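Under my numbering, the sequence shown is numbered contiguously, ending at residue 328.
A virtual CB, placed ideally from N, CA and C, is assigned to each residue, including glycine.
Given the structure is predicted, the values throughout are model-derived calculations rather than measurements.
Written below as structure tokens is the structure these notes are about.
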Amino acid sequence: MKHTEIALRRPVTTVVVFVALALVGLIASRLLPLEKFPDIEFPGIFIQIPYDGSTPEEVERLITRPVEEALATLSGVEQMFSSSSENQAEIFLRFGWDESMGAKGIEARAKVDSIRHTLPVDVRRIFIFTGSLGDQPVLQLRVSSDRDLSDSYELFDRLVTRRIERIEGVSRVDLHGIDPREIRILLDPDRLAAHGVDLGDLQQLLARSNFAVSAGRITDAGQRYSIRPSGEFTSIEEIQDFVIDASGLRLSDVADVELHAPERNYGRHLDRTYAIGVAVSKSTGSNMVEVTDRVKREVEEISKLPQMRGIN
Numbered sequence: 017m018k019h020t021e022i023a024l025r026r027p028v029t030t031v032v033v034f035v036a037l038a039l040v041g042l043i044a045s046r047l048l049p050l051e052k053f054p055d056i057e058f059p060g061i062f063i064q065i066p067y068d069g070s071t072p073e074e075v076e077r078l079i080t081r082p083v084e085e086a087l088a089t090l091s092g093v094e095q096m097f098s099s100s101s102e103n104q105a106e107i108f109l110r111f112g113w114d115e116s117m118g119a120k121g122i123e124a125r126a127k128v129d130s131i132r133h134t135l136p137v138d139v140r141r142i143f144i145f146t147g148s149l150g151d152q153p154v155l156q157l158r159v160s161s162d163r164d165l166s167d168s169y170e171l172f173d174r175l176v177t178r179r180i181e182r183i184e185g186v187s188r189v190d191l192h193g194i195d196p197r198e199i200r201i202l203l204d205p206d207r208l209a210a211h212g213v214d215l216g217d218l219q220q221l222l223a224r225s226n227f228a229v230s231a232g233r234i235t236d237a238g239q240r241y242s243i244r245p246s247g248e249f250t251s252i253e254e255i256q257d258f259v260i261d262a263s264g265l266r267l268s269d270v271a272d273v274e275l276h277a278p279e280r281n282y283g284r285h286l287d288r289t290y291a292i293g294v295a296v297s298k299s300t301g302s303n304m305v306e307v308t309d310r311v312k313r314e315v316e317e318i319s320k321l322p323q324m325r326g327i328n
């Protein structure tokens, strides 16, 4: 009753207080981030290591076991699960709820980097994810067309992925159902035998000849020059004309070199037709609604480009 009496005796003060509370609520509603899921941090780390063109046995022997041995020295690990399949290795670490996944993610990266030199040279990327619901994509897009999109990776990477990644609040954009084209060297056993070329020696020669390293610097008359010997192949013609022995034998004499879209072993669909998937993830602390609105506006602008004509 006392509070009621005070409110009745001072109506102006009461109205001002309630108006102030309403204003604070309105301001807070604009500042509070909107999330699809609560940002709950699950005590786990997921590691994915792609290794294209490999068998499960090779993945287990060359990748999974060495990485498991390195990660086993991490403190606080309660359980470790691994899976060796065709073209990739997957390892999951589970910790206690009192562990910081941010710190453990950094430690896991350091452990994997310490044995990076022992992994096959074809392993180019190692993905490490912490168990947070906030890491889930906030927007999934499908892109379809009447024309064949299997050779359009470079187009989508340049016009879709990179443009969306520049949007404020976007942390990562992933393409699914499409991969960069690859160069295939199809060796002819009869031609190899006719020229006396050993397959193992040829493989090592190609690996040694495709490189780009830093060889240091030279300072001359106050000028500093960087030395970077490069043996990287830049075109199919260079690979075809590559000399493989002292007699001047070229790679094209014993093999066919072709540029192909990789074999499709998974895909996305839209209205029962093949489609490309685009997954957009937001950065921590960004407003989900604002990020998705910005992405949708950018997608509308991208769809107006001449290069995207006929693509929905």
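Any chain B beta carbon closer than 8 Å to residue i
i	result
proline 153	Note that chain B does not occur in the displayed structure, where there is just one protein chain.
Cβ-based neighbour list, residue i, same chain, cut-off 8 Å, excluding 5 preceding and 5 following
i	result
glutamine 330	In the structure displayed, the chain extends from 17 to 328; residue 330 sits before or after that span and is not available.
tyrosine 290	Ser160, Leu165, Gly193, Gly283 and Arg284
leucine 221	Ile260
Exposed unless 16 or more other CB atoms sit within 10 angstroms - verdict on residue i
i	result
alanine 119	exposed
glycine 293	buried
valine 137	exposed
glycine 216	exposed
leucine 109	buried
glycine 60	buried
threonine 29	exposed
Residues near residue i by beta carbon distance below 7 Å, same chain, minus five either side
i	result
glycine 326	Ser161, Asp162 and Arg163
arginine 179	Glu314 and Ile318
glutamate 84	Met96, Ser98 and Ile107
Start and end residues, alpha helix (DSSP H) containing residue i
i	result
lysine 120	117–130
methionine 304	304–319
glutamine 220	215–225
glutamine 256	252–256
Nearest-angstrom beta carbon gap, residue j and residue i [assumed within contact, 8 Å]
i	j	result
valine 176	valine 296	The pair is not a contact, with the Cβ atoms about 10 Å apart (cut-off 8 Å).
threonine 89	glycine 121	Contact doesn't hold; Cβ gap of about 16 Å is too wide.
6 Å CB neighbourhood of residue i in its chain, flanking five on each side removed
i	result
aspartate 261	none
arginine 310	Ile183
serine 302	Gly185
glutamate 274	Arg200
Element boundaries [beta strand (DSSP E), containing residue i]
i	result
isoleucine 199	198–203
glutamine 104	104–111
glutamine 95	93–101
isoleucine 292	289–298
arginine 266	Unbroken run through arginine 266: none, as it is neither H nor E.
Check: Going along the chain, which unbroken runs of the alpha helix (DSSP H) with 4 or more residues stay wholly within the stretch 31–82?
Finding: For the stretch 31–82, whole alpha helix (DSSP H) runs of length 4 or above, ordered along the chain, are 72–75.
Note to self: Please give me, in chain order, every unbroken run of the alpha helix (DSSP H) with length at least 4 that falls completely inside the stretch 131–184.
What the structure shows: As far as the stretch 131–184 is concerned, its whole alpha helix (DSSP H) runs of at least 4 residues are 169–172 and 178–181.
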